[in-house]
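**Q** Protein sequence lines correspond, in order, to chains A and B. With the first letter of the first sequence counted as 1, position 224 gets the number 224 in this note's numbering; the numbers rise by one all the way through. With the first letter of the second sequence counted as 1, position 253 gets the number 253 in this note's numbering; the numbers rise by one all the way through. Mind looking over this structure? Questions follow.
Protein chains: 2
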Amino acid sequence: MNRELVIGLDLGGTNIKGILLDNCGNIYAKTDVATQAKDGPEAVVRRMTGMVSDLEEAAKKAGSKAIGIGVGIPGLPDQQSGLVVFAPNLGWKNVPILKLLTATVTLPVFLENDANVAALGEQWLGAGRGSANMVMITIGTGIGGGLILNGTLFNGASGSAGEIGHTVINPEGPLCSCGRRGCMETYTSATAMIRMAQEAIKQGNKTCLASKDKIEALDIVVAARDGDKIAAGIVNSAAYYLGVGAANIINLLSPDTIVIGGGVSGAGDILFKPLERSIRQWSLEAAYEAVKVVPAQLGNTAGCVGAARLVLQQTFG
Amino acid sequence: MNRELVIGLDLGGTNIKGILLDNCGNIYAKTDVATQAKDGPEAVVRRMTGMVSDLEEAAKKAGSKAIGIGVGIPGLPDQQSGLVVFAPNLGWKNVPILKLLTATVTLPVFLENDANVAALGEQWLGAGRGSANMVMITIGTGIGGGLILNGTLFNGASGSAGEIGHTVINPEGPLCSCGRRGCMETYTSATAMIRMAQEAIKQGNKTCLASKDKIEALDIVVAARDGDKIAAGIVNSAAYYLGVGAANIINLLSPDTIVIGGGVSGAGDILFKPLERSIRQWSLEAAYEAVKVVPAQLGNTAGCVGAARLVLQQTFG
């Protein structure tokens with residue numbers, strides 16, 4: 001048995017998650033720590049290298065050693081220059097993460113966007129197992145996306161491919177955080193669902209959501225499942241527009257699998273039934289027949305699993 | 001000099017075009033013939049095999065022989081079953097083209113959608129030369145699309161990837177020929193431009209287009225260039241929505257090159273200036289910085305050139 005061990009880190013706005021895996025996907029160690037981005041990039045990188053030490057120690061205990069480290073970045077990394085070009089949730093711009101990491105760490109380090117590594121993780125060990133052409137759509141504060149094309153991660157000329165949330169589905173639609181109008185995420189993100197709930201409450205509609213101090217997207221899904229009509233309307237609307245955006249991707253790329261991730265992806269039929277209807281309505285037949293739409297399976301470990309996978313793909317092709 | 005010769009055929013609704021090329025892109029022979037699809041598939045295939053004989057003869061004269069035939073199909077071919085699943089312009093459904101062709105032809109035959117081979121042609125010898133990630137958008141009766149990703153043609157799980165014209169840019173938009181609403185081609189195809197001109201004339205607007213018996217998209221572009229305000233408005237609107245659709249592709253795939261093809265792609269600044277503005281408005285910065293938008297260079301030979309290229313890619317990888 002000649003198993004390669006790899007380390008995957010998922011640098012998030014709230015937590016840094018780490019994992020030690022072998023090339024068959026067996027987990028040897030898992031760890032996480034608060035990011036505390038307010039302390040600045042050097043402090044965050046120190047936490048990451050501390051995590052790497054722990055995982056290398058775990059590898060040693062398993063009688064082996066890791067061959068490389070993959071890192072998922074919540075923004076746009078540039079492997080060539082070793083920079084995190086930007087990462088809004090961390091407040092980072094042009095942070096030389098590779099230089100900071102390799103001051104301590106001797107293993108090769110591979111950087112990739114967090115939504116992309118999550119897609120890679122789901123394709124390796126999750127809902128997209130065995131898929132050659134998989135698109136992952138993650139419903140969160142925004143809408144994240146990752147593309148696996150011909151079996152490997154596709155990130156395009158700028159490294160930023162997969163920005164599904166900012167494909168426009170109505171140029172006269174609501175204003176988006178990116179400054180444009182009618183981006184898919186203005187209709188279907190957790191933020192959009194919460195905004196719709198708040199508007200409905202302000203307009204005096206009767207809904208159980210009105211009793212909450214702070215509404216989460218998951219609350220809306222749960223209320224919809226419990227028969228709350230306002231909540232059901234919001235979930236239906238989000239699912240419908242998610243379907244329009246997903247169908248655009250289906251018509252353009254004809255993937256075999258679309259994986260829906262994020263907190264609300266476990267909602268079941270209440271989300272997936274109207275989503276399926278909308279996708280059917282907006283997709284071309286041949287591409288529709290070839291695709292299945294499934295919820296993600298790895299939850300918030302998809303990112304570090306995929307970051308580890310990245311090491312294997314970059315090292316062995 | 002060990003040059004491989006390949007045959008490319010482009011089966012169109014009006015003409016069948018053929019070309020004999022070597023692996024360096026040197027042209028040895030070109031030919032075309034009327035399709036006359038009304039005579040039925042067998043007659044059309046006879047015209048194709050006649051063309052192949054002529055091109056094989058030309059290869060012999062050059063002291064060599066062709067190694068394979070690529071065929072661009074105006075619809076959805078399926079290489080595995082050897083069928084043209086559908087080709088609306090020919091009135092074909094499930095036509096066993098591979099069986100019909102190989103009754104006469106002994107060379108290996110490779111089938112591909114016509115927009116896809118046109119993209120491959122432009123990437124090999126045209127406006128996308130040297131591009132690794134190129135998207136071709138062809139403005140015609142509809143909007144055709146072809147994707148070159150990581151240097152090779154991408155056609156997805158169903159073989160139908162690249163249906164850019166049927167990505168939706170407004171789910172409440174005009175009715176499309178596909179039965180859906182607000183597809184990109186309802187705003188930006190030649191058909192859409194002609195429809196807008198006819199509506200403007202019907203509403204009594206003053207335009208030089210009113211004097212024409214039959215308006216072509218190229219007439220509208222020429223009139224716009226000559227200062228006709230109605231025509232200029234139509235070209236601006238088509239360019240704007242073409243930009244919205246192109247930006248969606250830029251945000252999703254981050255290509256290095258977008259090639260605009262079709263009859264009006266030679267229009268120059270009158271089309272490309274507003275298109276460029278719209279793309280800038282609707283694209284994410286990183287992806288926008290990495291892409292150039294250029295007119296096609298091969299005109300209506302792109303298809304047979306790309307069909308020939310397909311043989312080389314399928315044979316030698």
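Beta carbons: idealized from backbone N, C-alpha and C, even for Gly. As the structure is a computational prediction, the values presented were derived from the model and not from experiment.
(1) Roughly how many angstroms separate the alpha carbons of residue 254(A) and residue 144(B), rounded to a whole number?
(2) Below 8 Å on the Cβ atoms is my contact criterion, and I expect residue 290(A) with residue 158(B) to pass it. Report the Cβ-Cβ distance as a whole number of Å.
(3) Residue 222(A) lies in the alpha helix (DSSP H); which residues open and close that run?
(4) Tell me where the alpha helix (DSSP H) around residue 192(A) begins and ends.
(5) List the residues of chain B whose Cβ lies closer than 8 Å to the Cβ of residue 157(A), in chain order.
(6) For the candidate residues 228(B), 7(B) and 180(B), whose alpha-carbon lies nearest to that of residue 201(B)?
(7) Does the Cβ of residue 163(A) have 16 or more other Cβ atoms within 10 Å, making it buried, or fewer, making it exposed?
(8) I need the boundaries of the alpha helix (DSSP H) containing residue 59(A), first residue and last residue.
(9) Residues in the segment 40 to 61 of chain A with C-beta within 9 Å of chain B's C-beta atoms, listed in sequence order?
(10) Hey, is residue 110(A)'s beta-carbon within less than 8 Å of any beta-carbon in chain B?
(11) Secondary structure at residue 236(A), three-state DSSP: helix, strand or coil?
(12) Across the segment 305 to 312 of chain A and the segment 67 to 80 of chain A, are there enough close Cβ pairs to call them in contact, namely three or more that are closer than 8 Å?
(13) Does any CB atom of chain B fall closer than 8 Å to the CB of residue 74(A)?
(14) Thinking residue 146(B) and residue 305(B) are a contact (beta carbons under 8 Å), I'd like their distance in whole angstroms, please.
(15) Would DSSP call residue 277(B) helix, strand or coil?
(16) Which residues share a DSSP beta bridge with residue 15(B)?
(17) Spatial neighbours of residue 153(A) within its chain, please: C-beta separation below 6 Å, excluding the five flanking residues on both sides.
(18) Residue 220(A) and residue 197(A) - do their beta-carbons sit closer together than 8 Å?
(19) List the residues of chain B whose Cβ lies closer than 8 Å to the Cβ of residue 161(A), in chain order.
(20) Which of the three DSSP states is assigned to residue 105(A) in this structure?
(21) Run through chain A and tell me which residues come within less than 7 Å of residue 138(B), C-beta to C-beta.
(22) Going by DSSP, name the residue or residues bridged to residue 181(B).
(23) Could you tell me which of 199(A), 179(A), 174(A) and 178(A) sits nearest to residue 187(A), measuring between CA atoms?
(24) To the nearest angstrom, how far is the alpha carbon of residue 16(B) from that of residue 29(B)?
(25) Less than 8 Å separating the beta-carbons of residue 244(B) and residue 265(B)?
(26) Going by DSSP, what residues sit across from residue 110(A) in a beta bridge?
(27) Using 10 angstroms around the beta-carbon of residue 346(A), count the other beta-carbons present and answer buried if the total reaches 16, otherwise exposed.
(28) Mark residue 183(A) as exposed unless 16 or more other C-beta atoms lie within 10 angstroms of its C-beta, in which case mark it buried.
(29) Please name the residue in 282(A), 287(A), 236(A) and 90(A) whose C-alpha comes closest to that of residue 267(A).
(30) Identify, in the order they occur along the chain, each residue of the same chain with its Cβ nearer than 6 Å to the Cβ of residue 76(A), setting aside the five sequence neighbours on each side.
(31) Quick one: residues in its chain with C-beta nearer than 7 Å to the C-beta of residue 37(B), no 5 flanking neighbours on either side, listed in chain order?
(32) Indicate the three-state DSSP secondary structure (helix, strand or coil) for residue 99(B) in the structure shown.
(33) Going along chain B, which residues have a C-beta under 9 Å from residue 178(A)?
(34) Roughly how many whole angstroms lie between the Cα atoms of residue 1(A) and residue 316(A)?
(35) Is residue 89(A) helix, strand or coil when you go by DSSP?
(36) Name the residue from 54(B), 3(B), 239(B) and 40(B) whose alpha carbon lies nearest to the alpha carbon of residue 19(B).
**A** Inspection of the coordinates gives the following:
(1) Taking the straight line from one Cα to the other gives about 15 Å.
(2) Yes, residue 290(A) and residue 158(B) are in contact; Cβ-Cβ is about 4 Å, under 8 Å.
(3) 217 to 225 is the span of the alpha helix (DSSP H), which, as asked, contains residue 222(A).
(4) Counted as a single uninterrupted DSSP element, the alpha helix (DSSP H) harbouring residue 192(A) occupies residues 190 to 202.
(5) The contacting residues are 132, 133, 254, 255, 256, 287, 290 and 291.
(6) Of 228(B), 7(B) and 180(B), the residue nearest in Cα terms is 228(B).
(7) So residue 163(A) ends up on the buried side.
(8) Counting along the chain, the alpha helix (DSSP H) containing residue 59(A) begins and ends at 41 to 61.
(9) Going along the segment 40 to 61 of chain A in chain order, one finds no residue with a Cβ nearer than 9 Å to chain B.
(10) It does not: the Cβ of residue 110(A) has no partner Cβ on chain B nearer than 8 Å.
(11) Helix.
(12) The answer is yes - the segment 67 to 80 of chain A touches the segment 305 to 312 of chain A, with three or more Cβ pairs under 8 Å.
(13) Not closer than 8 Å to any Cβ of chain B, the Cβ of residue 74(A) fails to qualify, so no.
(14) The C-beta distance from residue 146(B) to residue 305(B) rounds to 13 Å, too long to meet the 8 Å contact threshold.
(15) Reduced to three states, the DSSP call for residue 277(B) is helix.
(16) According to DSSP, residue 15(B) shares a beta bridge with 34(B).
(17) Within the same chain, residue 153(A) has close Cβ partners 116 and 120.
(18) Yes, Cβ-Cβ distance for residue 197(A) and residue 220(A) is below 8 Å.
(19) 252, 253, 254 and 287, listed in chain order.
(20) The DSSP-derived three-state label of residue 105(A) is coil.
(21) None at all; the shortest Cβ gap to chain A is about 15 Å.
(22) Bridge partners of residue 181(B): 175(B).
(23) Answer by Cα proximity: 174(A).
(24) Whole-angstrom Cα-Cα distance: 14 Å.
(25) Not a contact, by the Cβ cut-off of 8 Å.
(26) According to DSSP, residue 110(A) shares a beta bridge with 70(A).
(27) Absent from the structure is residue 346(A), since the part of chain A shown begins at 1 and ends at 317.
(28) Classification of residue 183(A): buried, given that the 10 Å Cβ count is 16 or more.
(29) Among 282(A), 287(A), 236(A) and 90(A), the Cα nearest to that of residue 267(A) is on 236(A).
(30) Within the same chain, residue 76(A) has close Cβ partners 85, 86 and 160.
(31) Short of 7 Å from the beta carbon of residue 37(B), and not among the five residues preceding or following it, lie these beta carbons of its own chain, in chain order: 13, 44, 90 and 91.
(32) Correct three-state label for residue 99(B): helix.
(33) Among the residues of chain B, those whose CB is under 9 Å from the CB of residue 178(A) are 284, following chain order.
(34) Because residue 1(A) sits at a pLDDT of 47, beneath the cut-off of 50, its placement in the model cannot be relied upon, and the following sentence gives the value as read from the coordinates. Rounded to the nearest angstrom, the two C-alpha atoms are 17 Å apart.
(35) Helix.
(36) With distances taken between Cα atoms, residue 19(B) lies closest to 54(B).
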